[in-house]
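Numbering (my numbering), first residue to last: 5 to 364.
Backbone N, C-alpha and C fix where the C-beta goes; we use that ideal spot for every residue, glycine too.
Down below is the structure, laid out as structure tokens.
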Ligand SMILES: Nc1nc2c(ncn2[C@@H]2O[C@H](COP(=O)(O)OP(=O)(O)OP(=O)(O)O)[C@@H](O)[C@H]2O)c(=O)[nH]1
Ligand SMILES: [Mg+2]
Ligand SMILES: [Zn+2]
């Protein structure tokens with residue numbers, strides 16, 4: 005079974021609706037979708053009053069905010085020519101130029117260069133799927149239990165953030181559940197902190213339920229643009245509601261598996277009171293890094309860097325080679341076991357092309 009199936013099944017209904025809406029939209033205005041459209045002259049395009057930002061994307065089109073006024077926009081056909089290996093040409097957070105057709109509708113005629121991108125591999129495994137773009141902070145959202153903490157998922161996000169030019173912040177939610185959690189879950193949380201904090205990654209332990217750590221998160225987000233991403237049910241929407249008094253829809257967890265209910269179904273850029281923006285995103289069931297290379301993995305585990313020189317073989321992969329300095333450090337607890345386990349999983353993925361990315 006394809007590892008995306010679960011997550012996709014949740015949204016199958018949405019996709020059906022998406023296709024239906026797109027078909028209707030195309031029918032009602034064929035001109036907006038013609039691949040033969042020709043670009044306008046730069047003078048026609050570059051009028052600042054038509055510059056806007058993509059807030060959300062649905063089957064009907066992209067909602068673009070132009071100075072507080074919202075337009076539902078289609079995409080000019082000529083922009084589709086360069087599709088290549090990208091699943092979505094437009095992403096939430098994109099700065100675009102639009103050509104208004106009425107007070108409420110228009111067409112995107114130009115997409116501005118992106119300063120950052122958070123992306124993963126799409127369902128087909130062949131294309132890059134942009135989650136959000138032009139974002140300062142990647143809020144890597146996890147929970148201690150329900151769903152359980154997944155260190156290798158955090159490492160995936162850390163690599164994605166680094167590759168996409170975003171600052172990562174790890175947010176561990178639901179710490180109120182720790183006292184009642186199993187010994188293994190408590191140990192994993194403690195081990196996670198002792199493994200990742202020394203590496204310099206900002207980590208916030210939070211309970212939206214008991215209002216712990218909310219103020220620290222709010223301060224980090226102030227004036228910035230952040231994307232909240234992570235598994236369904238970790239509490240991304242709850243975190244945003246708690247920080248900014250928003251009223252985003254919150255879901256339950258399936259009783260049997262304690263998995264999220266995929267409550268948020270569409271990424272949306274939200275303007276925050278006091279300045280800044282946030283993108284709440286639908287929960288992921290898997291996260292496969294786009295074009296993950298062995299070098300990306302090696303560079304990410306920078307605590308191995310100084311040790312590598314001491315390995316017997318210069319091309320040592322630190323798996324089973326003799327006289328490996330990384331393995332020796334691991335034995336002496338000088339390298340965190342959680343990080344080494346992540347390294348093995350990610351290296352395997354990068355070298356074999358096989359993706360082990362499902363969290364269920
Ligand atoms: N115990 C506890 N439960 C929490 C906390 N934060 C959120 N929850 C619960 O976790 C469940 C999921 O919360 P959501 O905010 O909908 O999670 P999400 O990450 O947005 O999920 P998706 O939109 O499906 O991706 C809800 O039942 C929340 O009440 C917390 O700090 N402690
Ligand atoms: Mg949500
Ligand atoms: Zn080695």
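Once DSSP output is grouped into helix, strand and coil, what is the label at residue i?
| i | result |
| --- | --- |
| residue 223 | helix |
| residue 200 | helix |
| residue 268 | coil |
| residue 348 | helix |
| residue 1 | Given a span of 5 to 364 for the chain in the structure shown, any question on residue 1 remains unanswerable. |
| residue 319 | coil |
| residue 238 | coil |
| residue 4 | Here the chain comprises residues numbered 5 to 364, so residue 4 is not present and cannot be evaluated. |
| residue 182 | helix |
| residue 340 | coil |
| residue 57 | strand |
| residue 1 | One cannot answer for residue 1 here, as it falls past the ends of the chain, which runs 5 to 364. |
| residue 218 | helix |
| residue 362 | Annotation note: pLDDT 49 at residue 362 (below 50); position unreliable, coordinate value reported separately. Residue state, collapsed to three classes: strand. |
| residue 229 | strand |
| residue 334 | helix |
| residue 90 | strand |
| residue 274 | strand |
| residue 83 | helix |
| residue 208 | strand |
| residue 252 | coil |
| residue 257 | strand |
| residue 354 | helix |
| residue 33 | Note that residue 33 scores 46 on pLDDT, short of 50, meaning its location in the model is unreliable and no value can be drawn from it. |
| residue 40 | Here residue 40 scores only 45 on pLDDT, less than 50, and its place in the model should not be relied on; the value that follows carries that caveat. Note: residue 40 maps to coil in three-state DSSP. |
Report the option in the options whose CA atom is closest to the CA atom of residue i.
| i | options | result |
| --- | --- | --- |
| residue 227 | 248, 240 and 233 | 248 |
| residue 365 | 103, 315, 179 and 305 | Since the first and last residues shown for the chain are 5 and 364, residue 365 lies out of range. |
| residue 207 | 221, 215 and 213 | 221 |
| residue 292 | 107, 69, 98 and 122 | 122 |
| residue 167 | 81, 78 and 134 | 134 |
| residue 148 | 178, 352, 69 and 211 | 178 |
| residue 352 | 296, 326 and 83 | 296 |
| residue 73 | 62, 97 and 109 | 109 |
| residue 190 | 173, 152 and 94 | 152 |
| residue 203 | 210, 59 and 174 | 174 |
| residue 146 | 60, 344, 58 and 212 | 212 |
| residue 131 | 311, 91, 117 and 102 | 91 |
| residue 84 | 76, 114, 104 and 327 | 114 |
| residue 255 | 216, 150, 326 and 165 | 150 |
| residue 344 | 118, 327, 331 and 354 | 331 |
| residue 77 | 61, 88 and 71 | 61 |
| residue 316 | 328, 154 and 324 | 328 |
| residue 289 | 263, 281, 313 and 276 | 263 |
| residue 340 | 258, 308 and 354 | 308 |
| residue 311 | 326, 333 and 324 | 333 |
| residue 287 | 237, 79 and 81 | 237 |
| residue 165 | 231, 100 and 223 | 231 |
| residue 225 | 234, 283 and 253 | 283 |
| residue 117 | 347, 195, 138 and 103 | 138 |
| residue 89 | 141, 233 and 128 | 128 |
(Q) My parser needs the alpha helix (DSSP H) runs of 4 or more residues fully inside the region 94 to 172; what are they? (A) List check, alpha helix (DSSP H) in window: 155 to 168.
Q: Jot down the residue ranges of each uninterrupted alpha helix (DSSP H) in the region 279 to 317, minimum 4 residues, whole runs only, in chain order.
A: Contiguous alpha helix (DSSP H) elements confined to the region 279 to 317 occur at 298 to 304 and 309 to 312, taking only those with 4 or more residues.
Q.
Assess contact between the region 297 to 317 and the region 151 to 168, defined as three or more Cβ pairs (one per stretch) separated by less than 8 Å. Is contact present?
A. The region 297 to 317 and the region 151 to 168 touch, with no fewer than 3 CB-CB distances between them shorter than 8 Å.
Q: Go through the residues and name those whose CB comes closer than 5 Å to any heavy atom of ligand 3, in chain order.
A: With the cut-off at 5 Å, the residues found are 315, 320, 322, 328 and 330.
Q) Per the contact definition of three or more C-beta pairs closer than 8 Å, is the region 263 to 272 in contact with the region 317 to 331? A) In this structure the region 317 to 331 does not lie against the region 263 to 272, because fewer than three pairs of beta carbons, one per stretch, are closer than 8 Å.
Q: For ligand 1, enumerate in chain order all residues having a CB closer than 6 Å to any of its heavy atoms.
A: Spelled out in chain order, the answer is 177, 178, 180, 181, 211, 212, 213, 236, 237, 238, 239, 240, 241, 242, 254, 255, 256, 257, 264, 265, 266, 267, 268, 286 and 287.
**Q.** Cβ pair count under 8 Å reaching 3, the region 269 to 278 against the region 171 to 186
**A.** Too few Cβ pairs lie closer than 8 Å, so no.
(Q) Under 8 Å: do the region 99 to 116 and the region 187 to 202 share three or more Cβ pairs, one atom per stretch? (A) No: the two stretches stay apart, fewer than three of their Cβ pairs being nearer than 8 Å.
Q) Does the pairing of the region 82 to 102 with the region 123 to 133 give three or more beta-carbon distances under 8 Å? A) Three or more beta-carbon pairs drawn from the region 82 to 102 and the region 123 to 133 are found closer than 8 Å, and the two stretches are therefore classed as touching.
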